[in-house]
Amino acid sequence: MGKSVLSSGFATLLMMLVVLAPSASAQQETEMRKTTQTAPHPYIGMWVTKDGHVRQELLPNGRYDEARGTRQSAYQGDYQVSGNYITYQDDTGFTADGYFENDVLYHGGMVMFREATIN
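In terms of mature numbering (1 follows the signal peptide of the UniProt record, and there is no 0), the sequence shown is residues -26 to -1, 1 to 93.
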């Protein structure tokens, strides 16, 4: 009888360890994801074509807001940056991409500069 109680107690303890271990790992993963998402990348800010017709603001929350001519918020959606590569998905589901090189954004046939660097 004593042996079966010990085995039962050991099995319960083992099960508790198995159940609790993943939740600690999941919590750490969630914290890492939060840190990654909140760490700003160097491309946040306003990007503008040389003629000023297209103005695209990359927001710190992973959203963008693009104006075309006098039309404010012509396109809005989500973006993700991986290295110097950017992917977009607007709120209608349309996707596009681009890349950054030497502080210039190449996107959809456009060349965009940081707002502060336009002459």
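Idealized CB from N, CA, C, for every residue including glycine.
By DSSP's assignment, Y17 forms no beta bridge with any residue.
With fewer than 16 other CB atoms across the displayed protein chains lying within 10 angstroms of its CB, Q46 is exposed. Per the coordinates, the alpha-carbon of V78 lies some 7 Å from the alpha-carbon of V85.
Between the alpha carbons of D39 and N76 lies a distance of about 22 Å. CA-to-CA, the gap between V22 and R88 works out to about 6 Å.
In this structure, G82 lies near A70, with their beta-carbon atoms less than 7 Å apart. For H81, the beta-bridge partners assigned by DSSP are G72 and M84.
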